[in-house]
Amino acid sequence: MSKAVELLREIRDLLSMQASPLLDKRGVVKFLCMGKTSIERAEAEGRFPKAVATPGGPRWRREELIQWVKTLKPRRRKPRGRRRIVLPVESTDASRT
62 MSKAVELLRE
72 IRDLLSMQAS
82 PLLDKRGVVK
92 FLCMGKTSIE
102 RAEAEGRFPK
112 AVATPGGPRW
122 RREELIQWVK
132 TLKPRRRKPR
142 GRRRIVLPVE
152 STDASRT
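The sequence shown begins at 62 in the working numbering and counts up one residue at a time.
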């Protein structure tokens, strides 16, 4: 019975804060289509939005996640070495022309 009351309180709290839906860690990974380790790395560096403390654990606001994604730069491939430009070699032999 107390577990049911606790769940009802959590639902009430979530609905009262629900100007935007809240996502748990699994929902964040699924919503952003990013790896869990890259999200944890961003959290450790302090670049990830702060979580809202709820009785069921930390939750993130969907709107804050969308704003954070907009600040990210697209990933660019690093060049893998110099590209060689091949120039046509002119023949110095006059007999062939």
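By construction, the Cβ of each residue, glycine as well, lies at the ideal position given by its N, Cα and C atoms. Everything numeric in this text was worked out from a predicted model, so none of it was measured.
According to DSSP, is residue i helix, strand or coil?
i	result
V147	coil
G88	helix
L126	helix
L133	coil
R120	strand
Provide the residue span of the alpha helix (DSSP H) that contains residue i, from first to last.
i	result
A103	97-105
Nearest to residue i by CA position, among the options, is which residue?
i	options	result
G118	L84, R73, V66	L84
V66	E104, R122, P116	P116
A114	E151, P149, K86, I146	K86
T31	M62, P140, A103, I72	Look at the range of the chain in this structure, 62 to 158, and you will see that residue 31 is not part of it.
What span of residues does the beta strand (DSSP E) with residue i cover, start to end?
i	result
A114	113-115
Report yes if the CB atom of residue i is closer than 8 Å to the CB atom of residue j, and no otherwise.
i	j	result
V130	L93	yes
W121	V147	no
query = For the 8 Å Cβ check, are there 3 or more pairs between the segment 123-134 and the segment 104-115?
reply = Short answer: they touch.
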